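Novice: With the UniProt record's numbering, letter number 32 in the sequence shown gets 32, and the count goes up by one each step, no holes.
C-beta: ideal position from N, C-alpha, C; glycine also.
Remember, predicted model here, so these are calculated numbers, not experimental data.
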Amino acid sequence: MSDFPVIDLAAFQSADDDKKRQMGREVDRICRASGFLAVVNHGIADEVIANVWSAARAFFDLPAAEKDKVRAPYPGYPYGYLGPGAEALAKSRGVDSPPDLKESFNGGPLSAPPGMTDPEALGFCYAETIWPTEPSSFRPAWEAYYTAVTDLAARIMDVFAVALDLPEDYFRRYIGQPISALRALNYPELSAPPPEGQLRAGAHTDYGSLTILLPQPGSRGLEILTPEGAWREVPPVDGAFVINIGDLMARWTNDRWVSTLHRVVNVPPELGGLDRRQSLAFFHQPDWFAEIETLPSCLDDDESTKYEPVLSGPYLMGKFKKTVM
Ligand SMILES: O=C(O)CCC(=O)C(=O)O
Ligand SMILES: [Fe+2]
């Protein structure tokens with residue numbers, strides 16, 4: 001898919017208003033069509049990426065008994081280690097399917113905002129991240145990356161605001177204390193192609209405002225469903241993050257933008273389909289109490305909204321609980 005769209009974030013940030021609007025129109029076109037694009041010149045230091053990457057790899061290389069020490073304590077607990085067999089993403093859409101061929105480690109916001117007392121927020125998105133003690137670099141590397149991608153998400157939301165004909169800082173009021181989650185994924189090496197229908201990650205849409213995905217450089221298997229109903233590969237793009245919008249953003253825009261189905265398949269063995277594959281997925285989500293109501297620029301005068309306002313946190317919690325095996 002050589003026509004996969006690429007946005008230069010540094011170019012946007014240093015552009016004048018006319019150029020920003022022009023880039024915004026391009027991003028609007030992409031988000032109406034697929035909501036998937038690559039972002040280059042994102043400003044995150046190579047070292048921050050390299051450190052979290054190797055910490056995640058070292059964690060997944062630990063014996064199963066070690067990883068089990070930081071396992072999510074009960075099904076539906078949002079953070080910690082989820083071993084093989086723990087999740088089938090296709091189930092989030094009511095499609096019965098075998099478990100995804102993966103394991104993951106998940107972490108939430110680095111701290112709760114002072115004064116947060118909502119019991120559902122404290123019990124769900126502000127639940128404790130259960131940190132591994134091995135490797136010792138894990139937590140600092142994770143926190144540095146989480147902080148960097150939180151800032152990147154805010155800068156991408158600025159681009160989205162311009163793309164939606166809103167003031168550039170429009171979304172900032174909704175994302176001062178985001179409840180985003182970071183997930184490190186490991187798709188283990190396979191000795192033989194899996195049975196038909198068992199994928200590395202089943203077809204799903206993401207839930208939030210946007211996802212910042214870092215697939216292992218050069219790795220294959222990520223696919224998106226085109227409006228024509230065909231699966232197309234997201235090609236590896238050097239030095240880029242893959243960005244996609246989630247269900248919350250589609251809802252926020254009254255479906256002007258689409259939250260596209262995607263999955264991770266086992267490509268043929270000669271293309272590396274049996275090889276181990278890693279990725280990092282950051283699910284950006286507005287503040288717990290952010291009220292998500294159709295954006296003013298996404299309604300024509302005679303148009304009514306399709307969606308009632310929802311609060312970001314409870315909306316996310318409702319979606320999340322459906323994937324629990
Ligand atoms: O690993 C990948 O490339 C994609 C993972 C994904 O889509 C997800 O976890 O939501
Ligand atoms: Fe996803």
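Determine, using beta-carbon pairs with one atom in the region 83 to 92 and one in the region 155 to 169, whether at least three such pairs fall under 8 Å.
Specialist: no
Novice: Could you tell me whether the region 107 to 120 touches the region 62 to 74, using the rule of 3 or more Cβ pairs below 8 Å?
Specialist: no
Novice: Can the beta-carbon of Lys306 be found closer than 8 Å to that of Asp255?
Specialist: yes
Novice: Please specify which runs of the alpha helix (DSSP H), each continuous and at least 4 residues long, are wholly inside the region 185 to 242, giving them in chain order.
Specialist: none
Novice: Here's the rule I'm using: 16 or more other beta-carbon atoms within 10 Å means buried, otherwise exposed. How should Leu9 be labelled?
Specialist: buried
Novice: Any heavy atom of ligand 1 closer than 7 Å to the beta-carbon of Pro188?
Specialist: no
Novice: Three Cβ pairs or more, each shorter than 8 Å: is that satisfied between the region 131 to 144 and the region 213 to 232?
Specialist: no
Novice: Using 8 Å as the Cβ pair cut-off and three pairs as the minimum, do the region 149 to 159 and the region 170 to 179 touch?
Specialist: yes
Novice: Is Asp247 near ligand 1 - that is, is its Cβ less than 7 Å away from at least one heavy atom of it?
Specialist: In this structure, the C-beta of Asp247 stays at least 7 Å away from each heavy atom of ligand 1.
Novice: Using only alpha-carbon positions, find the residue among Leu311, Pro296, Val310 that is nearest to Ser304.
Specialist: Ranking the options by Cα distance to Ser304, first place goes to Pro296.
Novice: Below 6 Å CB to CB, which residues in the same chain sit around Asn244 once its five sequence neighbours on both sides are set aside?
Specialist: Gly35, Phe36, Thr211
Novice: Please indicate yes or no: does the CB of Thr211 lie closer than 7 Å to some heavy atom of ligand 2?
Specialist: yes
Novice: On a CA-only basis, which of Asp302, Asp158, Arg232, Leu274 is nearest Met23? Give me that one, please.
Specialist: Asp158
Novice: Shorter than 7 Å, the distance from the beta carbon of Ser111 to the closest heavy atom of ligand 4, or not?
Specialist: With respect to ligand 4, the structure shown offers nothing to examine, as its ligands consist of ligand 1 and ligand 2.
Novice: Give every residue of the same chain whose Cβ lies closer than 7 Å to the Cβ of Phe12, excluding the five residues on either side of it in the sequence, and list them in chain order.
Specialist: Lys20, Met23, Val159
Novice: For the putative contact between Ala121 and Tyr77, defined by C-beta atoms under 8 Å, what is the C-beta separation to the nearest angstrom?
Specialist: Their Cβ separation, rounded to whole angstroms, is 15 Å, which puts Ala121 and Tyr77 out of contact at 8 Å.
Novice: Can you look up Glu87 in the DSSP assignment and give me helix, strand or coil?
Specialist: strand
Novice: When you compare only the Cα positions, how much space is there between Val264 and Val95?
Specialist: 16 Å
Novice: Ignore the nearest five residues each way along the sequence and tell me which others in Arg32's own chain have a CB closer than 8 Å to its CB.
Specialist: Arg256, Trp257, Val258
Novice: Near Ser97, what residues of its chain come up, given a Cβ to Cβ distance below 6 Å and the 5 sequence neighbours on each side ignored?
Specialist: Apart from sequence neighbours up to five positions away, the residues of its chain that approach Ser97 with a beta-carbon distance below 6 Å are Ala88, Ala90, Gly202, ordered along the chain.
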